[in-house]
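If you're matching positions, the sequence shown starts at 1 in full-length UniProt numbering and goes up one per residue.
For glycine and all other residues, C-beta sits at the position ideal for the given N, C-alpha and C.
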Amino acid sequence: MRVYDLALNEAKSVIMPKASLLTEEPDLEALFADAVEEISNQVEDNDFDADYGFQSEWDEDDDNEEENEDEDEDEELELKATKVLFDSLSEYPGQEENIERFCLPLFSKAASDYAVSHVLDAFKKRPSMSQIYASYLSKFLEKDEVTELLSELLADTSLRDWQKMWIIAALLQKKPQDDGPIKIALRILKDATRHDALRAVAAIYVGRFGDHARRKNLFSIYTSVSSYIQTAIYFSSRAWPSVERGNAKASWGAHGPLNTLLTSAMTFKRATPT
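Structure (C-alpha coordinates):
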(Lines of atoms letter the chains of each structure in order from A and count residues from 1; the text may use other names and numbers.)
(Lines give C-alpha, C1' and ligand atoms only; values in the text may rest on other atoms or scores of the structure.)
Protein backbone atom coordinates (compact mmCIF):
# COMPACT_ATOMS: atom_id res chain seq x y z
CA MET A 1 0.00 0.00 0.00
CA ARG A 2 2.78 2.40 0.85
CA VAL A 3 4.29 1.86 -2.62
CA TYR A 4 1.14 3.53 -3.95
CA ASP A 5 1.31 6.32 -1.33
CA LEU A 6 -1.58 4.81 0.60
CA ALA A 7 -1.43 5.20 4.36
CA LEU A 8 -2.29 2.12 6.38
CA ASN A 9 -4.56 2.96 9.31
CA GLU A 10 -3.30 0.50 11.90
CA ALA A 11 -6.19 1.24 14.23
CA LYS A 12 -8.63 -0.02 11.61
CA SER A 13 -6.52 -2.82 10.14
CA VAL A 14 -6.12 -6.38 11.29
CA ILE A 15 -4.80 -9.65 9.89
CA MET A 16 -7.30 -12.48 10.08
CA PRO A 17 -7.93 -15.89 8.46
CA LYS A 18 -9.97 -15.63 5.27
CA ALA A 19 -12.42 -18.23 6.61
CA SER A 20 -13.48 -15.80 9.29
CA LEU A 21 -14.74 -13.27 6.76
CA LEU A 22 -18.50 -13.32 6.29
CA THR A 23 -20.02 -12.88 2.86
CA GLU A 24 -23.01 -10.65 2.17
CA GLU A 25 -25.43 -13.60 1.99
CA PRO A 26 -23.60 -16.69 3.29
CA ASP A 27 -26.72 -18.88 3.24
CA LEU A 28 -27.50 -17.89 -0.34
CA GLU A 29 -23.93 -18.55 -1.43
CA ALA A 30 -24.18 -21.99 0.12
CA LEU A 31 -27.33 -22.67 -1.93
CA PHE A 32 -25.54 -21.52 -5.08
CA ALA A 33 -22.57 -23.72 -4.25
CA ASP A 34 -24.81 -26.77 -3.82
CA ALA A 35 -26.54 -26.08 -7.14
CA VAL A 36 -23.23 -25.55 -8.96
CA GLU A 37 -21.83 -28.79 -7.55
CA GLU A 38 -24.99 -30.65 -8.52
CA ILE A 39 -24.95 -29.50 -12.14
CA SER A 40 -21.17 -29.71 -12.57
CA ASN A 41 -21.37 -33.43 -11.82
CA GLN A 42 -23.81 -33.89 -14.71
CA VAL A 43 -22.71 -31.44 -17.41
CA GLU A 44 -19.32 -30.95 -19.04
CA ASP A 45 -17.72 -27.55 -18.43
CA ASN A 46 -17.93 -26.56 -22.10
CA ASP A 47 -21.67 -27.34 -22.10
CA PHE A 48 -22.33 -25.44 -18.90
CA ASP A 49 -23.81 -22.21 -20.27
CA ALA A 50 -25.87 -21.26 -17.21
CA ASP A 51 -24.27 -18.34 -15.44
CA TYR A 52 -25.18 -15.25 -13.47
CA GLY A 53 -24.95 -13.19 -16.64
CA PHE A 54 -26.35 -15.86 -18.92
CA GLN A 55 -27.72 -14.57 -22.20
CA SER A 56 -29.30 -17.33 -24.23
CA GLU A 57 -28.74 -17.70 -27.93
CA TRP A 58 -31.68 -18.44 -30.18
CA ASP A 59 -31.44 -21.46 -32.43
CA GLU A 60 -34.02 -21.37 -35.17
CA ASP A 61 -34.83 -24.75 -36.70
CA ASP A 62 -34.50 -25.16 -40.45
CA ASP A 63 -37.79 -25.13 -42.28
CA ASN A 64 -37.33 -28.67 -43.54
CA GLU A 65 -36.84 -30.09 -40.06
CA GLU A 66 -39.51 -31.31 -37.72
CA GLU A 67 -40.49 -28.66 -35.19
CA ASN A 68 -39.99 -31.01 -32.27
CA GLU A 69 -36.74 -32.52 -33.47
CA ASP A 70 -34.70 -30.51 -30.98
CA GLU A 71 -36.53 -32.15 -28.10
CA ASP A 72 -33.94 -34.92 -28.31
CA GLU A 73 -31.36 -32.39 -27.11
CA ASP A 74 -33.16 -31.87 -23.80
CA GLU A 75 -31.17 -33.49 -21.05
CA GLU A 76 -32.41 -35.44 -18.06
CA LEU A 77 -30.79 -33.50 -15.26
CA GLU A 78 -31.17 -33.91 -11.53
CA LEU A 79 -32.03 -30.39 -10.36
CA LYS A 80 -32.96 -30.93 -6.72
CA ALA A 81 -30.46 -28.36 -5.39
CA THR A 82 -31.35 -25.96 -8.19
CA LYS A 83 -35.01 -26.14 -7.21
CA VAL A 84 -34.12 -25.48 -3.57
CA LEU A 85 -32.18 -22.41 -4.70
CA PHE A 86 -35.06 -21.23 -6.87
CA ASP A 87 -37.56 -21.74 -4.05
CA SER A 88 -35.49 -19.36 -1.91
CA LEU A 89 -36.37 -16.36 -4.12
CA SER A 90 -38.65 -14.76 -1.54
CA GLU A 91 -36.04 -15.10 1.21
CA TYR A 92 -33.43 -12.92 -0.50
CA PRO A 93 -34.91 -9.61 -1.69
CA GLY A 94 -32.69 -7.96 -4.26
CA GLN A 95 -31.17 -11.27 -5.35
CA GLU A 96 -34.09 -12.42 -7.50
CA GLU A 97 -32.41 -11.81 -10.84
CA ASN A 98 -29.17 -13.53 -9.84
CA ILE A 99 -31.14 -16.61 -8.82
CA GLU A 100 -33.32 -16.56 -11.93
CA ARG A 101 -30.36 -16.07 -14.28
CA PHE A 102 -28.77 -19.17 -12.81
CA CYS A 103 -31.81 -21.43 -12.50
CA LEU A 104 -33.96 -20.69 -15.55
CA PRO A 105 -31.40 -21.72 -18.20
CA LEU A 106 -30.93 -25.01 -16.33
CA PHE A 107 -34.67 -25.61 -16.16
CA SER A 108 -34.81 -24.83 -19.86
CA LYS A 109 -31.94 -27.22 -20.65
CA ALA A 110 -33.77 -29.97 -18.79
CA ALA A 111 -37.16 -28.99 -20.29
CA SER A 112 -38.47 -28.63 -16.73
CA ASP A 113 -41.65 -26.60 -16.33
CA TYR A 114 -40.89 -26.07 -12.63
CA ALA A 115 -40.73 -22.27 -13.01
CA VAL A 116 -43.44 -21.68 -15.62
CA SER A 117 -46.02 -20.26 -13.21
CA HIS A 118 -43.43 -17.98 -11.62
CA VAL A 119 -42.23 -16.64 -14.98
CA LEU A 120 -45.76 -16.04 -16.24
CA ASP A 121 -46.41 -13.95 -13.14
CA ALA A 122 -43.07 -12.12 -13.18
CA PHE A 123 -42.75 -11.27 -16.89
CA LYS A 124 -44.13 -7.73 -16.67
CA LYS A 125 -42.60 -7.06 -13.26
CA ARG A 126 -38.98 -7.49 -14.37
CA PRO A 127 -38.45 -6.05 -17.87
CA SER A 128 -34.69 -6.65 -17.66
CA MET A 129 -35.36 -10.40 -17.59
CA SER A 130 -37.46 -10.43 -20.77
CA GLN A 131 -34.90 -12.31 -22.84
CA ILE A 132 -34.34 -15.11 -20.34
CA TYR A 133 -38.04 -15.32 -19.50
CA ALA A 134 -38.97 -15.57 -23.19
CA SER A 135 -36.23 -18.11 -23.85
CA TYR A 136 -37.50 -20.29 -21.00
CA LEU A 137 -41.17 -20.03 -21.99
CA SER A 138 -40.32 -20.95 -25.60
CA LYS A 139 -39.82 -24.52 -24.35
CA PHE A 140 -43.47 -24.77 -23.30
CA LEU A 141 -45.48 -23.30 -26.17
CA GLU A 142 -47.68 -26.39 -26.10
CA LYS A 143 -49.16 -25.04 -22.87
CA ASP A 144 -52.17 -22.84 -23.62
CA GLU A 145 -51.44 -20.51 -20.71
CA VAL A 146 -47.96 -19.81 -22.09
CA THR A 147 -49.02 -18.99 -25.65
CA GLU A 148 -51.97 -16.96 -24.40
CA LEU A 149 -49.78 -14.84 -22.13
CA LEU A 150 -47.12 -14.30 -24.80
CA SER A 151 -49.82 -13.20 -27.25
CA GLU A 152 -51.27 -10.82 -24.67
CA LEU A 153 -47.83 -9.39 -23.95
CA LEU A 154 -47.18 -8.95 -27.67
CA ALA A 155 -50.31 -6.82 -27.90
CA ASP A 156 -49.61 -4.93 -24.66
CA THR A 157 -48.83 -1.30 -25.48
CA SER A 158 -46.93 -0.81 -22.21
CA LEU A 159 -44.09 -3.14 -23.26
CA ARG A 160 -41.04 -1.78 -25.03
CA ASP A 161 -40.14 -2.77 -28.58
CA TRP A 162 -37.08 -4.74 -27.45
CA GLN A 163 -39.24 -6.79 -25.08
CA LYS A 164 -41.63 -7.63 -27.90
CA MET A 165 -38.70 -8.78 -30.02
CA TRP A 166 -37.89 -11.47 -27.48
CA ILE A 167 -41.55 -12.47 -27.28
CA ILE A 168 -41.71 -12.94 -31.06
CA ALA A 169 -38.41 -14.85 -30.91
CA ALA A 170 -40.06 -17.24 -28.47
CA LEU A 171 -43.24 -17.57 -30.53
CA LEU A 172 -41.16 -18.33 -33.64
CA GLN A 173 -40.22 -21.68 -32.13
CA LYS A 174 -43.63 -23.22 -32.80
CA LYS A 175 -46.49 -22.70 -35.25
CA PRO A 176 -49.44 -21.05 -33.48
CA GLN A 177 -52.73 -22.90 -33.14
CA ASP A 178 -54.71 -19.95 -34.50
CA ASP A 179 -54.25 -16.69 -36.38
CA GLY A 180 -54.24 -14.50 -33.25
CA PRO A 181 -50.49 -14.00 -32.78
CA ILE A 182 -50.01 -13.61 -36.54
CA LYS A 183 -52.62 -10.84 -36.64
CA ILE A 184 -50.87 -9.03 -33.77
CA ALA A 185 -47.48 -9.37 -35.49
CA LEU A 186 -48.94 -8.01 -38.74
CA ARG A 187 -50.31 -5.03 -36.85
CA ILE A 188 -46.84 -4.38 -35.40
CA LEU A 189 -45.31 -4.64 -38.87
CA LYS A 190 -47.70 -2.00 -40.20
CA ASP A 191 -47.05 0.37 -37.29
CA ALA A 192 -44.53 2.96 -38.51
CA THR A 193 -43.96 4.19 -34.95
CA ARG A 194 -42.30 0.90 -34.03
CA HIS A 195 -38.56 0.32 -34.37
CA ASP A 196 -37.48 -1.27 -37.65
CA ALA A 197 -35.84 -4.15 -35.79
CA LEU A 198 -39.14 -5.13 -34.18
CA ARG A 199 -41.07 -4.67 -37.42
CA ALA A 200 -38.55 -6.89 -39.21
CA VAL A 201 -38.93 -9.70 -36.67
CA ALA A 202 -42.71 -9.33 -36.92
CA ALA A 203 -42.44 -9.67 -40.71
CA ILE A 204 -40.47 -12.89 -40.36
CA TYR A 205 -43.11 -14.28 -38.00
CA VAL A 206 -45.98 -13.38 -40.34
CA GLY A 207 -44.11 -14.77 -43.33
CA ARG A 208 -43.21 -18.01 -41.62
CA PHE A 209 -46.61 -18.89 -40.16
CA GLY A 210 -49.13 -16.79 -42.07
CA ASP A 211 -51.43 -18.20 -44.74
CA HIS A 212 -51.70 -17.12 -48.38
CA ALA A 213 -53.69 -14.02 -47.43
CA ARG A 214 -50.98 -12.95 -44.97
CA ARG A 215 -48.29 -13.49 -47.59
CA LYS A 216 -50.25 -11.24 -49.96
CA ASN A 217 -50.25 -8.64 -47.18
CA LEU A 218 -46.46 -8.82 -47.11
CA PHE A 219 -46.28 -8.28 -50.88
CA SER A 220 -48.44 -5.17 -50.59
CA ILE A 221 -46.47 -3.82 -47.61
CA TYR A 222 -43.05 -4.42 -49.16
CA THR A 223 -42.75 -1.19 -51.16
CA SER A 224 -43.75 1.05 -48.24
CA VAL A 225 -41.12 -0.05 -45.70
CA SER A 226 -37.38 0.41 -45.23
CA SER A 227 -34.81 -1.77 -46.98
CA TYR A 228 -34.10 -3.47 -43.64
CA ILE A 229 -37.71 -4.61 -43.28
CA GLN A 230 -37.86 -5.48 -46.98
CA THR A 231 -34.97 -7.89 -46.50
CA ALA A 232 -36.77 -9.45 -43.52
CA ILE A 233 -39.88 -9.96 -45.66
CA TYR A 234 -37.76 -11.54 -48.39
CA PHE A 235 -36.02 -13.73 -45.81
CA SER A 236 -39.40 -15.00 -44.60
CA SER A 237 -40.17 -16.25 -48.12
CA ARG A 238 -37.88 -19.23 -47.59
CA ALA A 239 -40.79 -20.88 -45.74
CA TRP A 240 -43.28 -20.27 -48.56
CA PRO A 241 -44.60 -22.77 -51.12
CA SER A 242 -42.26 -23.13 -54.10
CA VAL A 243 -44.31 -21.03 -56.54
CA GLU A 244 -44.67 -18.11 -54.12
CA ARG A 245 -41.04 -18.47 -53.12
CA GLY A 246 -40.06 -18.22 -56.77
CA ASN A 247 -42.22 -15.13 -57.21
CA ALA A 248 -40.56 -13.52 -54.20
CA LYS A 249 -37.11 -14.27 -55.61
CA ALA A 250 -38.05 -12.87 -59.02
CA SER A 251 -39.51 -9.70 -57.49
CA TRP A 252 -37.03 -9.03 -54.67
CA GLY A 253 -33.98 -11.24 -55.15
CA ALA A 254 -31.84 -8.54 -56.77
CA HIS A 255 -33.38 -5.61 -54.90
CA GLY A 256 -30.32 -4.09 -53.25
CA PRO A 257 -27.09 -5.61 -51.90
CA LEU A 258 -28.68 -7.26 -48.84
CA ASN A 259 -31.30 -9.08 -50.88
CA THR A 260 -28.66 -10.12 -53.41
CA LEU A 261 -26.54 -11.65 -50.65
CA LEU A 262 -29.61 -13.32 -49.17
CA THR A 263 -30.52 -14.79 -52.55
CA SER A 264 -27.05 -16.31 -52.84
CA ALA A 265 -27.23 -17.70 -49.31
CA MET A 266 -30.67 -19.26 -49.75
CA THR A 267 -29.72 -20.71 -53.14
CA PHE A 268 -26.54 -22.20 -51.69
CA LYS A 269 -28.40 -23.71 -48.75
CA ARG A 270 -30.99 -25.38 -50.96
CA ALA A 271 -28.26 -26.71 -53.26
CA THR A 272 -26.20 -28.11 -50.38
CA PRO A 273 -27.06 -31.77 -49.60
CA THR A 274 -28.09 -32.48 -46.01
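Cβ pair residue i, residue j closer than 9 Å
i, j, result
"E145", "V116", "yes"
"A169", "V201", "yes"
"K80", "D113", "no"
"F102", "A35", "yes"
"I184", "A213", "no"
"T231", "G256", "yes"
"I39", "L77", "yes"
"K139", "A111", "yes"
"L31", "S90", "no"
"L150", "P181", "yes"
"A122", "E148", "no"
"Y222", "L172", "no"
"Y234", "N259", "yes"
With 16 other Cβ atoms within 10 Å as the buried cut-off, status of residue i
i, result
"G207", "buried"
"Y136", "buried"
"N41", "exposed"
"S226", "exposed"
"A26", "The question names Ala, but residue 26 in the sequence shown is Pro. With fewer than 16 Cβ atoms within 10 Å of its Cβ, P26 is classed as exposed."
"K175", "exposed"
"L261", "exposed"
"A33", "exposed"
"Y228", "exposed"
"I15", "exposed"
"S220", "exposed"
"S242", "exposed"
"S224", "exposed"
Beta-carbon proximity list for residue i, same chain, < 7 Å, skipping 5 on both sides
i, result
"L159", "L153"
"A134", "W166, I167, A169 and A170"
"L198", "D161, K164, M165 and I188"
"K269", "none"
"S251", "none"
"M266", "R238"
"D196", "S226, Y228 and I229"
Own chain residues within Cβ distance below 6 Å of residue i, not counting five before or after
i, result
"S128", "none"
"F263", "The sequence shown places Thr at residue 263, rather than the Phe named in the question. Here the set comprises G253."
"K86", "First, the residue type needs correcting, since residue 86 is Phe and not Lys in the sequence shown. Excluding sequence neighbours, F86 sits near C103."
Other residues of its chain near residue i: CB distance less than 8 Å, five sequence neighbours each side excluded
i, result
"E97", "R126, S128 and M129"
"W240", "G207, R215 and A248"
"T193", "none"
"Y92", "E25, L28 and I99"
Which runs of the alpha helix (DSSP H) spanning at least 4 residues fall entirely within the segment 137-211, listed in chain order? 144-155, 161-171, 180-190 and 196-209
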